[in-house]
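In the UniProt record's numbering, the protein residues as written are 14 to 291.
Positions of the beta carbon are idealized from the N, C-alpha and C atoms, including for glycine.
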Ligand code: SAM
């Protein structure tokens, strides 16, 4: 049963941190002339209306992009991320927010490839319609893990794989651990970015331990929490576990989060640290 719709949550603080890390990694991959592949395992709808009924019902974007989009940042990656959002809102009103595949489409060169899987019967056609004219794209109405088997390794031997499930079911945490091992065995050169929510601290640490337990080397953990830990009160923050991070990523994110954290919340806190050595 797929009840999760990202349109209720688009642009919230968790999207901000996720997409900031995505932009930082893509910026790095774009420095080389050689084409690369972006793979999005849980792609969502790609583009979200923030004035629509679903976003307005929760107003979650006001915890994230709503506080930021007019800000002039010092951090280059933070400014680049804000510029991407502005590109979709040229009239000076925050009406649209880009999902992860749209961010990739805005940033990548025509020679880079984009592949994505999205299972939801309503979100998939919205996503696919945005890629009909793009060459080097493959957008499948497919389960994420089947998508890894069908599409990895890609033609290009460099890339970013974003793993961003809704974690609605407890089993999804274990699915991510298995999914990462599967994808890594097929495409070990790629950078992997796994998003996770912070809801209950002990459960987060158990998940992180399970990811470390895969034996995969070179993992960086980036976490941003606008609220202090609590249990039973919903998501207080989120993080990204990055495998094979660009060597610049830790410093880039420390600088960006030092600037971002007080903008989003006076109680905000972040951490960036190497979890497993190269
Ligand atoms: N990555 C998107 C972004 O940042 O804009 C948001 C993705 S949202 C958090 C998770 C998506 O995964 C939902 O659109 C949901 O329909 C989809 N989904 C859930 N289970 C899936 C599965 N097994 N395979 C592929 N997609 C799945």
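In this structure residue 104 is exposed. Its beta-carbon is surrounded by fewer than 16 other beta-carbon atoms within 10 angstroms. Taking the C-beta atoms as reference points, residue 61 is found no nearer than 9 Å to residue 173. Going by C-alpha positions, residue 156 is about 32 Å away from residue 99. One alpha carbon belongs to residue 268, the other to residue 258, and they sit about 16 Å apart. Collapsing the DSSP output to three states places residue 207 in a strand. In this structure, the beta-carbon distance from residue 32 to residue 116 falls below 9 Å. Annotation for residue 38: 173, 204, 206, 255, 258, 259, 262 place their beta carbon closer than 8 Å to its own, counting only its chain and skipping 5 residues before and after. Restricting attention to beta strand (DSSP E) runs no shorter than 3 residues, the segment 129 to 183 encloses them at 150 to 153, 172 to 176, ordered along the chain. The alpha-carbon separation between residue 244 and residue 212 amounts to approximately 6 Å. For residue 26, the three-state secondary structure derived from DSSP is helix. Ranked by how close their Cα comes to the Cα of residue 264, the residues 163, 285, 221, 91 have 285 in first place. For the 9 Å CB-CB criterion, residue 175 and residue 53 form a contact. In this structure, the beta-carbon distance from residue 78 to residue 91 does not fall below 9 Å. With a beta-carbon spacing of about 6 Å, residue 26 and residue 277 fall inside the 8 Å limit used to define contacts.
9 Å or more divides the Cβ of residue 287 from the Cβ of residue 253. Residue 73 carries a helical assignment under DSSP once its states are collapsed to helix, strand and coil.
Contact between residue 21 and residue 86 fails: their C-beta atoms lie close to 27 Å from each other, not under 8 Å. Residue 143 and residue 170 do not touch by the CB rule: their CB atoms are close to 26 Å apart, not below 8 Å. Shortest gap from the CB of residue 31 to any heavy atom of ligand 1: under 8 Å. DSSP places residue 17 in the coil class of the three-state scheme, outside both helix and strand. DSSP places residue 53 within a strand segment (E or B) once states are collapsed to three. Annotated three-state conformation of residue 254 is strand, per DSSP. For residue 56, the CB contacts under 6 Å within the same chain, skipping 5 residues up- and downstream, are 114, 129, 131, 140 in chain order.
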